[in-house]
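To keep things clear, I will list the structure first and then write my remarks on it.
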Amino acid sequence: GAGVSQSPSNKVTEKGKDVELRCDPISGHTALYWYRQSLGQGLEFLIYFQGNSAPDKSGLPSDRFSAERTGGSVSTLTIQRTQQEDSAVYLCASSSYGQGNRYEQYFGPGTRLTVT
Amino acid sequence: SQQGEEDPQALSIQEGENATMNCSYKTSINNLQWYRQNSGRGLVHLILIRSNEREKHSGRLRVTLDTSKKSSSLLITASRAADTASYFCATTSGGSNYKLTFGKGTLLTVNP
Numbered sequence: 002g003a004g005v006s007q008s009p010s011n012k013v014t015e016k017g018k019d020v021e022l023r024c025d026p027i028s029g030h031t032a033l034y035w036y037r038q039s040l041g042q043g044l045e046f047l048i049y050f051q052g053n054s055a056p057d058k059s060g061l062p063s064d065r066f067s068a069e070r071t072g073g074s075v076s077t078l079t080i081q082r083t084q085q086e087d088s089a090v091y092l093c094a095s096s097s098y099g100q101g102n103r104y105e106q107y108f109g110p111g112t113r114l115t116v117t
Numbered sequence: 020s021q022q023g024e025e026d027p028q029a030l031s032i033q034e035g036e037n038a039t040m041n042c043s044y045k046t047s048i049n050n051l052q053w054y055r056q057n058s059g060r061g062l063v064h065l066i067l068i069r070s071n072e073r074e075k076h077s078g079r080l081r082v083t084l085d086t087s088k089k090s091s092s093l094l095i096t097a098s099r100a101a102d103t104a105s106y107f108c109a110t111t112s113g114g115s116n117y118k119l120t121f122g123k124g125t126l127l128t129v130n131p
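Keeping their order, the protein sequence lines are chains G and F.
For the first sequence, the working numbering gives the first residue as 2, with consecutive numbering after it.
For the second sequence, the working numbering gives the first residue as 20, with consecutive numbering after it.
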């Protein structure tokens, strides 16, 4: 079946501009996660959505970062007024609750963001 | 912040040999997972071991967990060139079974 998809695969933007990154989780997965991978910081948790519960935003690095999940499916990560330190690969993952491997997260291919 | 720290940072072996990677972590965990990342397939879940388990097998993979030492090891037996990838351990802790805290990874190169 289809896996997690992300778009765009690459994004180059100028410092100060806003960007939106999109994630389509696996159909039926109720949990969705955003992570960031950079050379300096490794893989970092950003935000978690589970069903209709309030998201866990504890990993968002600043108030320039926000995310939403519409209709319990597609998610958008928005970075406002981008800075060079935001350059990284942004990974989305989803997982299914209520089944045996519910803690296994399925990752998308990522969006490589470069801020110039 | 990083919870797990893998060692070695890089490992190069010949096809057919076994590869062992280690992971240490700092706080009590709920479970520990190993993931593989390569350019072709992205980040892929390999195996999960719960805090009350000591050893788990999946195909050519063997994972051990020593909670007294806060460490885990991943053994890949009879390695293949296709096993070339970065391997990360990731833990969940506290009240969360979903927030993964990743280590910095081990880059494994399997030479044909």
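A virtual CB, placed ideally from N, CA and C, is assigned to each residue, including glycine.
All values reported here derive from a predicted model rather than from experimental measurement.
If you draw a straight line from the C-alpha of residue i to the C-alpha of residue j, how long is it?
i, j, result
"Ser76 of chain G", "Gly4 of chain G", "15 angstroms"
"Leu62 of chain F", "Leu61 of chain G", "21 angstroms"
"Gln21 of chain F", "Glu72 of chain F", "Model confidence at Gln21 of chain F stands at a pLDDT of 49, short of 50, so the residue's coordinates are unreliable and nothing is read from them."
"Ile95 of chain F", "Val20 of chain G", "40 angstroms"
"Leu93 of chain F", "Tyr34 of chain G", "25 angstroms"
"Ser98 of chain F", "Ser77 of chain F", "14 angstroms"
"Ser54 of chain G", "Leu22 of chain G", "22 angstroms"
"Ala89 of chain G", "Leu40 of chain G", "8 angstroms"
"Arg60 of chain F", "Ala101 of chain F", "11 angstroms"
"Ser8 of chain G", "Arg113 of chain G", "10 angstroms"
"Thr71 of chain G", "Ile32 of chain F", "46 angstroms"
"Ser47 of chain F", "Gln28 of chain F", "23 angstroms"
Give the single residue among the options whose Cα lies nearest to the Cα of residue i.
i, options, result
"Thr79 of chain G", "G:Ile48, G:Gln38, G:Gly52", "G:Ile48"
"Thr39 of chain F", "F:Leu30, F:Lys45, F:Thr46, F:Ser47", "F:Leu30"
"Ser1 of chain G", "G:Asn11, G:Asp87, G:Thr71, G:Gln38", "A query on residue 1 of chain G cannot be resolved here, the shown segment of chain G reaching from 2 to 117 and no further."
"Ala109 of chain F", "F:Glu25, F:Gly35, F:Leu51", "F:Leu51"
"Phe108 of chain G", "G:Lys18, G:Lys16, G:Gln38", "G:Gln38"
"Leu67 of chain F", "G:Arg113, G:Tyr104, G:Val116", "G:Tyr104"
"Gly122 of chain F", "F:Gly114, F:Tyr106, F:Gly113", "F:Tyr106"
"Gln51 of chain G", "G:Leu40, G:Gly29, G:Gln42, G:Glu45", "G:Gly29"
"Ile120 of chain G", "G:Pro110, G:Val13, G:Thr115, G:Val116", "Nothing about residue 120 of chain G can be read from this structure; chain G reaches only from 2 to 117."
"Thr31 of chain G", "G:Ala94, G:Thr14, G:Phe46, G:Leu44", "G:Ala94"
Please confirm whether residue i and residue j have their CB atoms less than 8 angstroms apart.
i, j, result
"Arg65 of chain G", "Gln81 of chain G", "yes"
"Leu119 of chain F", "Thr125 of chain F", "no"
"Asn57 of chain F", "Thr128 of chain F", "no"
"Asn116 of chain F", "Glu34 of chain F", "no"
"Ser10 of chain G", "Asp25 of chain G", "no"
"Thr115 of chain G", "Gly17 of chain G", "no"
"Lys89 of chain F", "Lys45 of chain F", "yes"
Less than 8 angstroms between the CB atoms is what I'm expecting for residue i and residue j, so what's the real figure, rounded?
i, j, result
"Leu65 of chain F", "Arg55 of chain F", "6 angstroms"
"Thr86 of chain F", "Ser70 of chain F", "6 angstroms"
"Ser43 of chain F", "Glu24 of chain F", "5 angstroms"
"Asp26 of chain F", "Asn41 of chain F", "5 angstroms"
"Thr117 of chain G", "Glu45 of chain G", "The Cβ separation is near 22 angstroms, so there is no contact."
If the cut is a Cβ gap below 7 angstroms, which residues of chain C does residue i touch?
i, result
"Gln81 of chain G", "No chain C appears in this structure, whose protein chains are G and F."
| request: Could you please tell me which residues of the stretch 106-130 of chain F, in chain order, have their CB closer than 9 angstroms to any CB of chain G? | output: Phe107, Ala109, Thr111, Ser115, Asn116, Tyr117, Lys118, Leu119, Thr120, Phe121, Gly122, Lys123, Gly124
| task | Pull out every residue of the stretch 60-80 of chain F whose Cβ sits closer than 8 angstroms to any Cβ of chain G, in chain order. | result | Gly61, Leu62, Val63, His64, Leu67
| What residues in the stretch 20-53 of chain G bring their beta carbon closer than 9 angstroms to a beta carbon of chain F? | Ala32, Tyr34, Tyr36, Gln38, Gln42, Gly43, Leu44, Glu45, Phe46, Tyr49, Gln51
| field | the stretch 32-53 of chain F: positions lying closer than 8 angstroms to chain G by Cβ | value | Asn50, Gln52
| Near-chain F residues of the stretch 86-98 of chain G (beta-carbon distance less than 7 angstroms), N- to C-terminal order | Leu92
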